[in-house]
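Number of protein chains: 2
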Amino acid sequence: MKLILIDDDQLVVSALKMILEALPDLTVAATANDGSEALRLYKEHRPDVLLMDIRMEKTDGLEAAAQVLSQFPDARILLLTTFSDDEYIIKALRLGAKGYLLKQDYQNIAPAVRAVFSGQTVFGDEITSRIPELMAQAPSGFDYEAHGISERELEVIRLTAEGLSNREIASRLYLSEGTVRNYLSSILDKLELRDRTQLAVFYLRKQGGFL
Amino acid sequence: MKLILIDDDQLVVSALKMILEALPDLTVAATANDGSEALRLYKEHRPDVLLMDIRMEKTDGLEAAAQVLSQFPDARILLLTTFSDDEYIIKALRLGAKGYLLKQDYQNIAPAVRAVFSGQTVFGDEITSRIPELMAQAPSGFDYEAHGISERELEVIRLTAEGLSNREIASRLYLSEGTVRNYLSSILDKLELRDRTQLAVFYLRKQGGFL
DNA sequence: CAAGCCTCATGACAAATGTCATTATCTTCT
DNA sequence: AGAAGATAATGACATTTGTCATGAGGCTTG
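For the record, the sequence lines run as chains R and V. Per the numbering used here, numbering of the first sequence is gapless, rising by one per residue and ending at 211. Per the numbering used here, numbering of the second sequence is gapless, rising by one per residue and ending at 422.
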């Protein structure tokens with residue numbers, strides 16, 4: 001079973017490599033110290049499992065995982081973390097990472113690698129158990145009212161983030177198209193954005209991208 | 212502890228009411244048979260916990276929950292389901308529902324209500340355990356190549372979803388602005404979308420809203 | 001080699017978008 | 001009563017965006 005290891009900390013890489021290569025069925029094909037290497041190495045080695053730290057200096061594990069998955073949707077990626085970084089858990093899940101576990105559990109890493117290889121998804125119990133709270137807290141987070149956004153303006157934002165045109169928004173809210181343009185303009189000004197697309201992106205990111 | 216019960220099926224409502232009112236500390240303040248009643252009843256009775264079926268004829272439990280939560284963000288809502296409706300689980304989580312469990316577990320309903328009341332979040336084991344797969348299946352899933360989207364086009368999509376203008380995309384990819392416009396036009400045609408904002412929304416929804 | 005893609009480019013054009021100035025009504029708070 | 005703010009509208013304007021026609025060069029595959 002061919003692996004790639006990526007971790008900021010060369011010590012961790014070495015330690016993991018030693019632990020994993022002690023097992024006859026596991027081979028570490030390559031290692032790196034930053035997520036920016038991930039895609040290149042993946043392309044080159046086509047590993048069975050990619051083991052990667054989630055927090056890294058330049059390109060973090062999530063972004064690297066996104067890059068790899070965009071080209072290899074079936075990539076089996078197991079993300080490691082020192083201590084459960086709440087913010088990352090959900091993103092890792094959504095991304096389609098096949099596993100997420102604590103580095104501390106070093107005795108569990110090899111079994112987890114095998115499980116992921118065989119198609120299973122591995123999320124430590126400490127992690128799955130807190131998903132509900134994390135999910136519930138994540139989506140909110142931006143206080144539009146605090147930024148001087150009025151109720152009506154918020155409606156315009158929501159519809160913009162649905163991909164509607166000014167004309168369509170106007171007709172939905174029974175306004176003139178010009179008025180909608182004015183609202184948009186004022187919103188963009190208040191949120192320091194430049195156009196409706198940036199607004200949609202902004203809103204979806206804050207909201208968590210759904211509904 | 213004051214409750215409101217909402218379920219499509221009057222039989223279920225009656226049964227639950229009987230079970231719950233048998234307990235001295237629980238009172239069913241009101242019941243209804245459709246989610247459209249939820250907000251009105253909530254306003255009127257201010258229950259400690261709102262128990263609601265997730266699948267209902269007119270207005271489903273999710274939409275009703277969203278309505279209630281938008282006005283009462285601290286509402287404790289426990290959603291019920293007959294059999295784990297995969298698609299609903301994630302939405303319920305994101306919405307901030309405090310609980311989600313199977314009706315079959317009728318012996319667990321009362322304890323769950325008490326747990327939710329005391330501030331806990333209650334998601335049945337069968338549910339939490341499958342969250343990873345659900346999360347992973349939802350976000351990815353769109354095959355751009357199958358829709359005739361080329362590699363270069365995908366890059367344009369990604370940058371568009373960052374909120375960049377044509378000019379900015381052009382400069383990032385070392386292309387002329389016109390070329391970017393052409394790519395955009397072809398992409399919109401292939402994905403049957405109308406403008407860059409719809410494209411950004413589409414992409415973020417498929418990808419899970421980050422990066 | 002020819003057909004078919006992907007890449008990249010131009011120019012022209014219509015439509016949508018965002019900005020600005022200005023006006024008006026209504027409510028709320030002081 | 002007056003100030004402030006939200007709501008709604010208009011017209012004018014420059015810019016951006018999306019479409020279309022057209023063409024060139026490159027790579028791959030039958």
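C-beta: ideal position from N, C-alpha, C; glycine also.
C-alpha of aspartate 74/R to C-alpha of glutamate 268/V: approximately 38 Å in a straight line. As the crow flies, the alpha-carbon of arginine 205/R is around 14 Å from that of threonine 160/R. If the five residues before and after leucine 395/V are omitted, its C-beta is found closer than 8 Å to the C-beta atoms of Val367, Thr371, Asn377, Arg407 and Leu410, all from its own chain and listed in chain order. For aspartate 400/V, the enclosing alpha helix (DSSP H) begins and ends at 388 to 402. No Cβ of chain R is located within less than 8 Å of the beta carbon of threonine 270/V. Taking a 10 Å sphere around the C-beta of glutamate 44/R, we find fewer than 16 other C-beta atoms and assign the residue as exposed. Leucine 41/R counts as buried, since no fewer than 16 other beta carbons sit within 10 angstroms of its beta carbon.
Separation of aspartate 400/V and glutamate 364/V (C-alpha to C-alpha, rounded to the nearest whole angstrom) is 12 Å. Straight across, the Cα-Cα distance linking aspartate 9/R with methionine 52/R is about 11 Å. In this chain, the beta strand (DSSP E) harbouring glycine 99/R covers 99 to 102. Counting every other CB atom within 10 Å of its CB across the protein chains shown gives threonine 332/V a total of 16 or more, marking it as buried. A direct Cα-Cα distance of roughly 21 Å separates alanine 276/V from tyrosine 203/R. The residues Asn377, in chain order, have a CB closer than 8 Å to that of arginine 392/V in the same chain once the five nearest residues on each side in sequence are set aside.
Interface residue (Cβ-Cβ distance to chain V less than 8 Å): leucine 204/R is classified as such.
Within the same chain, Cβ atoms closer than 7 Å to the Cβ of tyrosine 355/V are found at Leu365, the five residues on either side in sequence being excluded. One thing to note: phenylalanine 334/V has its Cβ within 8 Å of the Cβ of glycine 310/V. Around the beta carbon of aspartate 236/V, a 10 Å sphere encloses fewer than 16 other beta carbons of the protein chains shown; the residue is thus reported as exposed.
Chain-order list of chain R residues neighbouring glutamine 409/V: Gly163, by C-beta distance under 7 Å. Assignment of phenylalanine 353/V by DSSP, reduced to helix, strand and coil, places it in the coil class.
Of the candidates Leu93/R, Gly148/R and Leu80/R, the residue whose Cα lies closest to the Cα of valine 13/R is Leu80/R.
Residue burial annotation: glycine 246/V is buried, with at least 16 other C-beta atoms found within 10 angstroms of its C-beta. Between the C-alpha atoms of proline 258/V and alanine 92/R there is a straight-line separation of about 36 Å.
Per DSSP, reduced to three states, the secondary structure at isoleucine 54/R is coil, with no helix or strand assignment.
Judged by DSSP in its simplified three-state form, threonine 160/R adopts helix. Taking 8 Å as the cut-off, the Cβ atoms of aspartate 296/V and isoleucine 265/V count as close. When C-beta distances to chain R are compared with 7 Å, the residues of the stretch 322 to 335 of chain V below that value are Thr332 and Phe334, in chain order. In the DSSP assignment, leucine 250/V falls within the unbroken alpha helix (DSSP H) covering 249 to 256.
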